[in-house]
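Each residue of the sequence shown is one higher than the one before, starting from 1 at the first, in our numbering. Note that beta-carbon positions come from the ideal geometry of N, C-alpha and C, so glycine has one too. Below is one structure; the comments refer to it alone.
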Amino acid sequence: MRWRGLHAMSRGLIGLSVSDHLVGRRLQRIVASWHRYAGTRSGPLDVWLIDSDAVTTRLTTGSDWCLIVDRATPYEGYDVGEGGRVEVASAEDETPFAAHLGETVVAVREEGDAVTGRLALDITFTSGCVRCESWAGELRLSVC
């Protein structure tokens, strides 16, 4: 794998660099979707970063296990029958992004390759970094 700092990988924001899209934006709100089954919540499945200009950036994973970054508004929660429910709600205190509310994105780095597409994204704020990655098809967020 190698780093590609300025070009969007195979999924999401085609023709627009992720760094061009995110750098300089101030994080205002965080929304996430979670899967709830038998009282247990897992996820997040999707995370939406909403900036001070109300531009919404979604982070999620694809069926091919790549990391997708695109412009999409949060959807409504929905029932998945016997499989539980997908809930969508504010997530200001539930992701590593919480520590960076009100801060500006100063850098973005993408990790991936031509075959597998984008696998990880490091989003750096003035006070730290959040790593977003697809791990076996699951969205993982951690402090860099």
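query = Exposed or buried, which one is R41 when buried takes at least 16 other CB atoms within 10 Å?
reply = As a working note, residue 41 is residue 41 in the sequence shown. So R41 counts as exposed.
query = Which value, in whole angstroms, describes the spacing of the CA atoms of F125 and E103?
reply = Position 125 of the sequence shown, counted from the start, is the residue given in the question as residue 125. Position 103 of the sequence shown, counted from the start, is the residue given in the question as residue 103. Straight-line Cα distance between these residues: approximately 6 Å.
task = Please classify D20: does DSSP put it in a helix, a strand, or coil?
result = For the purposes of this step, residue 20 is taken as residue 20 along the sequence shown, with counting starting at 1. Here D20 sits in helix by DSSP.
request  = Have a look at G128 and W65 and give me their C-alpha separation to the nearest angstrom.
outcome  = As a working note, residue 128 is residue 128 in the sequence shown. As a working note, residue 65 is residue 65 in the sequence shown. Cα-Cα distance, rounded: 26 Å.
task = Please list, in chain order, all residues of the same chain as Y78 whose beta carbon is under 6 Å from its beta carbon, the five residues on each side excluded.
result = Residue numbering aside, residue 78 sits at position 78 when the sequence shown is read from its first letter. Correct list, in chain order: V86.
request  = Can you tell me which of the three DSSP states G81 falls into?
outcome  = Position 81 of the sequence shown, counting from 1, holds the residue named residue 81. Helix at G81.
ask   = Would DSSP call P96 helix, strand or coil?
value = By 1-based counting over the sequence shown, the position of residue 96 is 96. The answer is helix: DSSP assigns P96 an H, G or I state.
request  = Give me whichever residues DSSP pairs with S63 in a beta bridge.
outcome  = Locating residue 63 in the sequence shown gives position 63, counting from the first residue. DSSP output for S63 lists no bridge partner at all.
request  = Kindly list the residues whose CB is nearer than 8 Å to the CB of L121, restricted to its own chain and excluding five residues on each side of it in sequence; keep chain order.
outcome  = In the sequence shown, the residue the question calls residue 121 occupies position 121. So the qualifying residues of the chain are V18, L59, L67, V69, V108, R109, E110, E111, R131, C132 and E133.
request  = Decide if S33 is buried, meaning its Cβ has at least 16 other Cβ atoms within 10 Å, or exposed.
outcome  = Within the sequence shown, numbered from 1, the residue matching residue 33 stands at position 33. By the 10 Å Cβ count, S33 comes out buried.
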